[in-house]
Amino acid sequence: MDSKRIAFVSVLGAALLAVAVDPALAQGYDSTTENLIKTLNTQLLYAAIPITVLVEGILIYTVWKFRNNENPLPTKENRRLEITWTVATAIVLLFVGYASYGVMANEYVTTTPEQAQNVEKNAVEIEVVAERYAWTFNYKGHNVSASTNAVIPKNRPVYFNITSKDWLHAFHVPGLGLKQDAIPNQHNVIKTKATEEGTYQLYCAEYCGVGHSSMLGKVRVVSQPEYQQWLQNQEGYQPKPGGNNGTGNSTAGNGSSGGNNSSA
Ligand SMILES: [Cu+2]
401 MDSKRIAFVS
411 VLGAALLAVA
421 VDPALAQGYD
431 STTENLIKTL
441 NTQLLYAAIP
451 ITVLVEGILI
461 YTVWKFRNNE
471 NPLPTKENRR
481 LEITWTVATA
491 IVLLFVGYAS
501 YGVMANEYVT
511 TTPEQAQNVE
521 KNAVEIEVVA
531 ERYAWTFNYK
541 GHNVSASTNA
551 VIPKNRPVYF
561 NITSKDWLHA
571 FHVPGLGLKQ
581 DAIPNQHNVI
591 KTKATEEGTY
601 QLYCAEYCGV
611 GHSSMLGKVR
621 VVSQPEYQQW
631 LQNQEGYQPK
641 PGGNNGTGNS
651 TAGNGSSGGN
661 NSSA
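Using the working numbering, the first residue of the sequence shown is number 401, and each one after it goes up by one.
Below, the structure is given as structure tokens:
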């Protein structure tokens, strides 16, 4: 009778957990990167919940069953049991390791320098420059430099090439599953492909001084035509001079570093 009640409580607990967890799972994904990370999280959760319920169930059952035991006896050796939990643990760890490695090694989560060199054909490359306490986005191949807010097209690979002018910062767009350190004299690349249009909050995720909490920005994901239009508008509109924008290397007719020379 007792064990029946315990079984009932365990099942109920598992059901409640599943319900509590479900809304998080039901959401769509806004980028390939977020998809990979959240899917992994879900898989690990599905592995972890039954284990939690099992362990807690056994614990509660044991405490309840032996609550009036005056003379507890030490556990006897049980080889079969020991082999079972060793093998079970190994299987769980192998699953966790294999699933995590598959995601961590994916180029949309960890972009290696080689992958950053061999950019996909129709990709958008943006140099992200962090400084106390602002963000600048230089669009490679275009004479476009945007501050605070970036615009990227939906369903195209985007490479954020992240660096810093002065200090340690971190480029963090939780809505798109992106996080990468911004380090002076170093370029860290993170590749993604946004799959939902919208505006996503950008934070600096590395404490960098008194203005850290206001070091914010936005990443706007738009349709391809809208992106093209935005680029054209920006190219027509010269970014503020003065700031030493050695903006990426543009493709055609741009006498290298220093001022911008187009007339318009
Ligand atoms: Cu910062």
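No residue lacks a Cβ here, since even glycine has one placed at the ideal position from N, Cα and C.
Taking 7 Å as the cut-off, the C-beta of residue 530 counts as close to a heavy atom of ligand 1. For residue 509, same chain residues with a beta-carbon under 7 Å away, outside a window of 5 residues either side, are 433, 436, 437, 503 in chain order. For residue 501, the uninterrupted alpha helix (DSSP H) segment begins and ends at 479–504. The set of residues with a C-beta under 5 Å from any non-hydrogen atom of ligand 1 comprises 569, 604, 608, 615, given in chain order.
The shortest C-alpha to C-alpha distance from residue 604 to any of 553, 560, 531 is the one to 531. In the DSSP assignment, residue 559 falls within the unbroken beta strand (DSSP E) covering 557–564.
DSSP places residue 447 outside any beta strand (DSSP E); the residue lies instead in the alpha helix (DSSP H), whose first and last residues are 432–465.
A check of alpha carbon separations from residue 576 across 518, 595, 506, 538 identifies 595 as the nearest. For the 8 Å CB-CB criterion, residue 616 and residue 601 form a contact. When secondary structure is reduced to three states using DSSP, residue 516 falls in the helix class. When only Cα atoms are considered, residue 449 and residue 443 end up about 10 Å apart. At the C-beta level, residue 567 and residue 548 stay beyond 8 Å of one another.
For residue 633, the enclosing alpha helix (DSSP H) stretches over residues 624–636. When Cβ pairs closer than 8 Å are counted between the two stretches, the segment 577–592 is seen not to touch the segment 494–501, the count staying below three.
The beta-bridge partner set that DSSP reports for residue 540 is empty. A residue is called buried when at least 16 other Cβ atoms come within 10 angstroms of its Cβ; residue 491 does not meet this threshold and is exposed. Put simply, the segment 538–545 does not touch the segment 463–476. Fewer than three CB pairs are less than 8 Å apart.
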